[in-house]
Structures are given as structure tokens and as C-alpha cells.
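Reading through the C-alpha cells given below for one structure.
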Amino acid sequence: MPLYLPRRLTIPDIAAHRWSRPYAVASAALAPVLLAATWTSQRNSVSSSHRHSLAILLGGALLGLLLAALAAATTEATSPPRGRRRRVPWLAAGFLMSVLWAYTLARELVALLVAIGYMVGIKASVLGVTVLAWGDSLGDLVSNVAMAVHGGAGGAQTAVSGCYAGPLFNTVVGLGLSLSLAAGAQDPAPFVVPADGAAYEAVGFLVAALAWALFVVPVRGMRIDRVYGLGLIAIYLTFFAVRVFETLGLWT
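In terms of full-length UniProt numbering, the sequence shown has 76 at position 76, counting the first letter as 1, and numbering is strictly consecutive.
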């Protein structure tokens, strides 16, 4: 795949069957550079910030050289680092760079959806709540359904927990972290969030789904049954119909 080599060169990997000292040293050198480049790309492209962006890139390059030298001095050619103290920095760096790659790909996907929306005359927010939302949630849907059907009582509890924990993590951590980074990149200027009625509608239907859960689950004896599921499906279909009607101009 075209992105395999860039990911291999920037994501530290200490799995025994994939261990390669040259790749480990290269990832230690290039990961800070990619992190610095991603950070500077989020800043406004004004002339006053060019020197600051260059300083960040140079700092990332120098840090990468230091980390590469440290990795070369502390690793072996035949086996990955052993011991908790030596493995934790590599694992933490691998997790951080994996998140960075996921963020970069998600940003490009959103940009692609916006471009498609402009070409076909569909709002980007509509594509976000349909194509992007379905694609992002399809894996969770399949895994949660399979776990609920074949995992017994424990599997059903895990699936229900995952249905709430996944979106909660995306909202609290994903949205919170991305907004924090975006606001920090704009500092000292304020970070302006565009006002879009679709966002308020999404929040409203989300509150309706949570209110339905708070009402139905206690009434049904704290059981997640068909009534609860059908209600959630009805709320989503109503939300989807509202967005489609607004896009087609049938409802203003």
C-alpha cells in the first residue's frame, strides 16, 4: 500500500516478529518531524507565523536526531527492547503516532467529503451525518451485534457498554482534544466555530435519545429490550429524514 512505508518510518513498532532496528531508529528520527509538521499545518498561513513554524520544524528535526541517536545506542539489532521501563516509551510513542495518523487521515477524509459536497450541491454536514457517520460506525455495529448475539449475557453487556462508550470517547476525547489543539494553534486569536443549524439539530436528537434511555430503561425494569431499541431506531430515522428534507428544500 502507498502509505505503508511512511507509516512504518514514523510509527515505532517493537513487535518481536516485525522488529527492525533501522526502522526503529528511522521512526525515532522522523516521528517528531511529522508531529511538528502536523502542528504547523494547523496554524494560519500568515507571514508573521512563518518564522515560528520554521522554528517548530527545526525543533522537531533536532529532537528527532537526538531520539534517533538514543534509539541507536539503546537497542539491539536482533531483538526489541526488553523490560517495562525500556518498552513503555516505545509503546507510548507508537500509540501517539498512530493517533496522529488516524487524525491526519480523518482530516483528509473530511476535506474530501466537503469537496464532493461542493461538486454535487450537498452540504458537508449532511455528508458527515450520513456517509462519514455510517463508515465510521459500521465496524462497531458489526462487532457489537456479533458480540451481543454470540457472547451470551456478558457479551450483551459488553456490546451495550461499547455502544455508549465509543461515542462518548469520540465526543469527550476526540472532540475535546481536537478543539484544544485547534484553539492552541490559533492562539492568541480566538478560534471561531462556524454556526450550523445541523449541529444544533444533531445535539437535540442526541439529547432525545439519552432522554429516551433514561425514561424507558427504568420503566422496563432496567432491561434493554426491543421497545428500547425500536425507540432509538425511530429517533435516528426521524433525524435522518429531517436532514434529507432540509437538503432537498422540502423543509426549511
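Think of the CB as a built atom: it goes at the ideal place given N, C-alpha and C, for glycine as much as any other residue.
Residue of the options minimising C-alpha distance to residue i
| i | options | result |
| --- | --- | --- |
| residue 26 | 36, 35 and 11 | 11 |
| residue 9 | 17, 19, 18 and 23 | 23 |
| residue 72 | 41, 21, 180 and 205 | 21 |
| residue 91 | 167, 157 and 13 | 13 |
| residue 230 | 129, 216, 241 and 222 | 216 |
| residue 18 | 52, 51, 81 and 226 | 81 |
| residue 137 | 226, 200, 162 and 173 | 162 |
| residue 153 | 224, 62, 120 and 116 | 224 |
| residue 53 | 85, 186 and 67 | 186 |
Counted within 10 angstroms of its Cβ, other Cβ atoms place residue i as buried (16 or more) or exposed
| i | result |
| --- | --- |
| residue 170 | exposed |
| residue 190 | exposed |
| residue 165 | exposed |
| residue 60 | buried |
| residue 184 | exposed |
| residue 45 | Residue placement at residue 45 is poorly supported in this model, since its pLDDT is 46, which falls under 50; the coordinates still yield a value, given next. Result: exposed. |
| residue 218 | exposed |
| residue 159 | buried |
| residue 51 | exposed |
| residue 129 | buried |
| residue 220 | exposed |
C-beta contact flag for residue i and residue j at 8 Å
| i | j | result |
| --- | --- | --- |
| residue 147 | residue 135 | no |
| residue 100 | residue 38 | yes |
| residue 97 | residue 31 | yes |
| residue 109 | residue 132 | yes |
Length of the line joining the Cα atoms of residue i and residue j
| i | j | result |
| --- | --- | --- |
| residue 47 | residue 213 | Any reading at residue 47 must be qualified, since the residue scores a pLDDT of 44, below 50, and its modelled position is unreliable; the value itself is stated next. Cα-Cα distance, rounded: 52 Å. |
| residue 182 | residue 33 | 19 Å |
| residue 111 | residue 83 | 42 Å |
| residue 88 | residue 79 | 16 Å |
| residue 193 | residue 76 | 49 Å |
| residue 65 | residue 94 | 18 Å |
| residue 238 | residue 4 | 41 Å |
Any non-hydrogen atom of the ligand MG closer than 7 Å to residue i Cβ
| i | result |
| --- | --- |
| residue 86 | The ligand MG is absent from the structure shown, which contains no ligand whatsoever. |
Whole-angstrom C-beta distance between residue j and residue i, which should lie under 8 Å
| i | j | result |
| --- | --- | --- |
| residue 57 | residue 36 | 5 Å |
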